[in-house]
DNA sequence: TTTTATTTAATACAACTGTATTATTTTATT
DNA sequence: AATAAAATAATACAGTTGTATTAAATAAAA
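Residue numbers (our numbering), protein chains in the order written: chain A, 1 to 202; chain B, 1001 to 1202.
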């Protein structure tokens, strides 16, 4: 009898509006009214989908991680040469296209937000960390890693490097555009591996 | 005739109080009242030193960069073996001691804040970037870099790695404590250089 | 001690915040 | 067309925000 709207769909579009607001004004500018306006909804309508602001922020945060995990799953499933795939996985963790920018930057802001909320960050539940671990396992499997490489240190190093790349891409997008990020990633892989990655196609 | 207080000193202590508030509650919790309370000052007193909140935040941000630059200057001047000094410079860019934590984390939060303010980040005026460039020049001078190393890519990579290390140390301090950070740094230097850094003393 | 510029405290105000309540509109079913 | 559940809009309220204004307190110099 009622009007019909897919709740999950509306909630996601609200969450995406929240990302945009957060990226433009920071957490301090992410009021429910601003988000409602960005989502083209009235305050009451927004409140119908999210009882409290905390609930909205929590959902918005979860959605980023979920989207990242989905993206990783998709890229891992692609049918391409191993080395190309590895580069693709890593590039997909960065704002290497305008479409990815929102997702990657929101992920970073929420990560910092964790600190201020006093929550502890569980890397083992972080889709980025899991993806990096998969990449490293893949390198081991393919016997690409240098013989004297320390798997654990390489994993931590790559994880941190990816975070740093994402952060710097966010702060100075003009300097760290797609090609530059790709070059750094390939350079890094080459320094860790015994085989050259070269300028893998895509 | 008046009461005497060193203006700059008071302003710095207010700025430091702002850091603490920002790290605990995020930018969204950094109200002038909260900062005044943290600084043990009345609202009027705080306003006497900073006419507006923007002014306070700007000063607080500048102070972080100034402190970092001073710290870098100090470490570079230390009299120690070249390799040890390089490790020390890098470690000083990370929360490798409780005393540095506040400064490093505030620096990171302000860096992200730059994005939300829509300001453009000038790496050439970033004391961290300058320090990294100095480190790299030093490595070249000492002829420590591997022959096939790309100086520019190595610089960007190290810069991003340091940011990523700082970020992760902030989010999961239990995993990235001093020793771990040092091991990663040395591991990275070893992978870029033809001579081993080993476990340099400090 | 008196004076006087500096420093601090107290209070006020309008704008914005999150949340709650209520009324209205919408639309698939009967 | 009538109905009723779902969705939206409008308004209200108390608390917090940044800023401004005013009065009070402080302490070095006269």
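For glycine and all other residues, C-beta sits at the position ideal for the given N, C-alpha and C.
Asked	Found
Residue 1058 of chain B touches chain A at which residues, Cβ-Cβ below 9 Å?	Going along chain A, no residue has its Cβ under 9 Å from residue 1058 of chain B, so there is no contact; the nearest lies around 15 Å.
If the cut is a Cβ gap below 9 Å, which residues of chain B does residue 34 of chain A touch?	Those within 9 Å of residue 34 of chain A in chain B number zero; the least Cβ separation is about 12 Å.
Report the three-state DSSP secondary structure of residue 145 of chain A (helix, strand or coil).	strand
Identify, in the order they occur along the chain, each residue of the same chain with its Cβ nearer than 8 Å to the Cβ of residue 1033 of chain B, setting aside the five sequence neighbours on each side.	1043
Taking only beta-carbon positions, decide if residue 1198 of chain B is within less than 8 Å of chain A.	no
Once the 5 residues before and after residue 1064 of chain B are set aside, which same chain residues still bring their CB inside 7 Å of it?	1103, 1106, 1107, 1110
To the nearest whole angstrom, what separates the beta carbons of residue 132 of chain A and residue 114 of chain A, a pair I think is in contact under 8 Å?	Rounded, the Cβ-Cβ distance is 18 Å, inconsistent with contact.
Look up residue 1160 of chain B in the DSSP assignment and give the residues it is bridged to.	Its beta-bridge partners do not exist; DSSP assigns none.
Does the count of Cβ pairs from the stretch 1080–1100 of chain B and the stretch 1172–1191 of chain B closer than 8 Å reach three?	yes
Residue 1144 of chain B and residue 1195 of chain B - do their beta-carbons sit closer together than 8 Å?	yes
Please work out which residues of its chain come closer than 7 Å, Cβ to Cβ, to residue 1010 of chain B, disregarding the five sequence neighbours upstream and downstream, and give them in chain order.	1049
Between which two residues does the alpha helix (DSSP H) containing residue 1093 of chain B stretch?	No alpha helix (DSSP H) holds residue 1093 of chain B; DSSP gives it neither H nor E.
Which residue's Cα is closest to the Cα of residue 69 of chain A: A/125, A/140, A/193, A/151?	A/125
Does the distance from the C-beta atom of residue 1076 of chain B to that of residue 1134 of chain B stay below 8 Å?	yes
Taking the alpha carbon of residue 946 of chain B as the reference point, which residue from B/1040, B/1168, B/1012, B/1117 has its own alpha carbon closest?	Residue 946 of chain B lies beyond the residue range present for chain B, which begins at 1001 and ends at 1202; the question has no answer from this structure.
Closer than 9 Å between beta carbons: that is the criterion. Which residues of the stretch 1096–1127 of chain B meet it against chain A?	1105, 1108, 1109, 1111, 1112, 1113, 1114, 1115, 1116, 1117, 1118, 1120, 1121, 1122, 1123
Would you kindly work out how many angstroms separate the C-alpha atoms of residue 1071 of chain B and residue 1047 of chain B, rounded to a whole number?	30 Å
Among B/1084, B/1166, B/1016, which has the Cα closest to the Cα of residue 1039 of chain B?	B/1016
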